[in-house]
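Mind the numbering: the sequence shown is residues -20 to -1, 1 to 514 in mature numbering (1 follows the signal peptide of the UniProt record, and there is no 0), read in order. Some notes on the structure that comes next.
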Amino acid sequence: MRFLRSLVVLLLLAGLAACGEPSVDDRIAAFLAAWQKADFAGQPLYTPKGRPLDAATAKRTLADVEGELAARRPVLTKHGKATVRGVDAVVGVGVSWPLPDGRTWTYDTTVHARRIDKVWQFYFDARTVHPDLHEDQHLTLQRSPAPRGVVLAADDAEIVSDTPVVYVGLEPRFVDDVDAVAQHLDLVFRSVRVDVDVSGLPARLRAAKPDAFVDVVTLRQTDYAEIETDLRNTHGVTTRTGKLSLPLTRTFARALLGTSGPATKELIDAGSGTLKAGDVTGLTGLQRRYDTLLRGTQGLAVVPAPAPSSGSASPLFTAPPLPGGKLRTTIDVRTQQAAESALATTPTRSALVAIRISDGAVLAVANGPDAAGYNLAFQGELPATLPAGAAPASLGYGLDWHLGAEAFTGRALPAASSPALGSAPPPGSASAPGSASAPAASSSSAVGSPLVHAAAVAALSRGHWKQPALIRDPAAPGALPDGAALPAGTSPSLTGAGMTAGVRGGIAYCLYAEGAAPTTLTQIAEAFLSAAAR
């Protein structure tokens, strides 16, 4: 009897010991959790050669192997139960790795364990992370640029698209006289009407390494072709070719459409990780506002490095680049060209906006020759006298509407501001002093951009205000409903200092030319309207 009691006790103790010892699957789950967190504290590890591996060394090894992916923790999933043969166990593990741009890299690997001194211990090295990695390799991310999207006109013609360009630079070791070269290049660029600030070029050349590529300017291939001989005959000039997303011409709706180019530090810092040095992004105008749509999705490849001595390394994962989308506008190419041609000879700041009266579509947004990146047509603040009886709000001034581009929507001016407004309207116009429709003494006044003034005369012509439209797709959110009916018989014209706004046929327009006399405004407006009607 005593023997039987002892046997029962021994069996119970053995059972309790077995119950208290974690199973191999429990140990594997704990190991995978540690790997996923990149923290192996408390994990018994060995190298494949059987050498003990402490937690700190394992953590460094993992960081080295994961390389550029180390900050992106993978999700690890055990495939079923481990297969156990004697003291060895093996289990398949699914790895799901989040990559930039919402992509995911998934693959399978294998975890091996051995029971040593009654404890399941794990073999860990580069092959554990990925079965195709060698001991001295790590993971790298390689990116390939995506074709940038296009901006389309009203008829879906491309007005911004990938355009061949030439990057012009200087190699300091071949430049004998940096000041003379800078002066010579200034003359060469001016010959094709390209304004390049070369004042800092000598200092940049002196500070650069002898074999560096010191960037000078990026030219359209067509502009470069005109001065190619001069550039090739200039000591130190070197060129590279590429493509950039550019408008139809150097001046075509430049301030509206904007530019693209290498991401600046400010944009990279504000991009929350979406941009890095070398990425091409929208810098100004619509290209910046709609950069997410136009930029597309870069191609990605996960490649082991260094490559084997016998050749190049095969990618472990690839995702092709996805081209950017299409931004559809209401711009009419002929009307835009007519507007720019009309402003081409204005010596001062100028802008012209044209709107189709029937539906409020913005047909042209032109700025004078030296507008650069400032869109005066949308952001200028110009005072104007309104027709008698027309309340500013009824014509859209000060309303909160969104065009899909940065724009000043205007505001009413106090009555005391009215006497100080503007020059006289063009002689013989509907708003000229003494004409039947000249503004009465009680006329109100408002300040707005040429866009807002053009929308106001369009409202007077159609009989109610309608929010202007610039972007067809994707549609700008928050469009306002049409305004109430306006008093009948109100002349669809506005005047202000250096400004006139009116209608012709189905087009409402606003023209501004700083300091221009009424007769000059009339001539510019007539040149535009005649060209647009052809």
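Ideal placement from N, C-alpha and C gives every residue a C-beta, glycine not left out.
Assigned with DSSP and collapsed to three states, GLN122 falls in strand. By the Cβ criterion, the stretch 255 to 266 is not in contact with the stretch 99 to 109, since fewer than three pairs of Cβ atoms, one from each stretch, lie closer than 8 Å. A direct Cα-Cα distance of roughly 42 Å separates GLY180 from ALA456. For GLY47, the three-state secondary structure derived from DSSP is helix. In terms of Cβ geometry, ALA322 and ALA435 do not form a close pair [threshold 7 Å]. Per DSSP, the unbroken alpha helix (DSSP H) holding GLN201 starts and ends at 201 to 212. In this model, ARG95 and LYS29 are separated by some 15 Å (Cα to Cα). If you draw a 10 Å sphere on the C-beta of LYS61, you find fewer than 16 other C-beta atoms in it, and that means exposed. DSSP places PRO288 outside both helix and strand once states are collapsed to three, so it counts as coil. Taking all protein chains shown into account, LYS189 has fewer than 16 neighbouring C-beta atoms within 10 Å of its C-beta and is therefore exposed. Distance from the CA atom of THR475 to the CA atom of ALA481, rounded to whole angstroms, is 6 Å. Here the alpha carbons of ARG153 and PRO430 stand approximately 51 Å from one another. Annotated as distal: PRO125 and GLN16, with beta-carbon spacing of 7 Å or more.
Counting along the chain, THR309 sits inside the beta strand (DSSP E) bounded by residues 306 to 309. Excluding sequence positions up to five before and after ASP81, its CB lies within less than 6 Å of the CB of THR277, all in the same chain and listed in chain order.
For VAL148 against LEU224, the beta-carbon gap comes to about 13 Å, at or over 8 Å, which does not count as contact. A straight line joining the alpha-carbon of THR63 with that of ASP116 spans about 29 Å. A contact is defined here as three or more CB-CB pairs under 8 Å, and the stretch 127 to 144 meets this definition with respect to the stretch 223 to 238. Under the DSSP assignment, ILE248 falls in the alpha helix (DSSP H) whose first and last residues are 245 to 250.
Within the same chain, ALA43 come within 6 Å of ALA50 by CB-CB distance, once the 5 residues on both sides are set aside. For ARG230, there is no enclosing beta strand (DSSP E), since its DSSP letter is neither H nor E. Around the beta-carbon of HIS110, 16 or more other beta-carbon atoms lie within 10 Å, marking it buried. C-alpha of GLU320 to C-alpha of ALA387: approximately 20 Å in a straight line.
SER225 carries a strand assignment under DSSP once its states are collapsed to helix, strand and coil. Between ALA35 and PHE20 a beta carbon distance of about 4 Å is seen, short of the 8 Å cut, so the two are scored as contacting.
Taking the CA atoms as reference points, PRO286 sits about 33 Å from ALA250.
When the five nearest sequence neighbours on each side are left out, the beta carbons in the same chain lying within less than 8 Å of the beta carbon of ARG391 are those of PRO372, TYR377, GLY378, ALA426, VAL427 and GLY428, in order along the chain. Distance from the Cα of GLY469 is smallest, within the candidate group LEU33, PRO54, SER424 and GLY369, for GLY369. DSSP places GLY265 inside the alpha helix (DSSP H), whose first and last residues are 265 to 269.
Closest option to ALA187, judged by alpha-carbon separation, among PHE169, LEU165 and GLU151: GLU151. Where ARG95 is concerned, the enclosing beta strand (DSSP E) starts and stops at 84 to 96.
A straight line joining the alpha-carbon of ARG336 with that of LEU79 spans about 46 Å.
If the five residues before and after TRP85 are omitted, its C-beta is found closer than 7 Å to the C-beta atoms of TRP77, LEU79, VAL282 and PHE297, all from its own chain and listed in chain order. For ASP6, the three-state secondary structure derived from DSSP is helix.
By the criterion of a C-beta distance shorter than 8 Å, GLY340 is surrounded in its chain by ALA435, ALA438, LYS446, GLN447, PRO448 and ALA449, once the five residues flanking it on both sides are discounted. In the three-state reduction of the DSSP assignment, LYS29 falls in the coil class, being assigned neither a helical nor a strand state.
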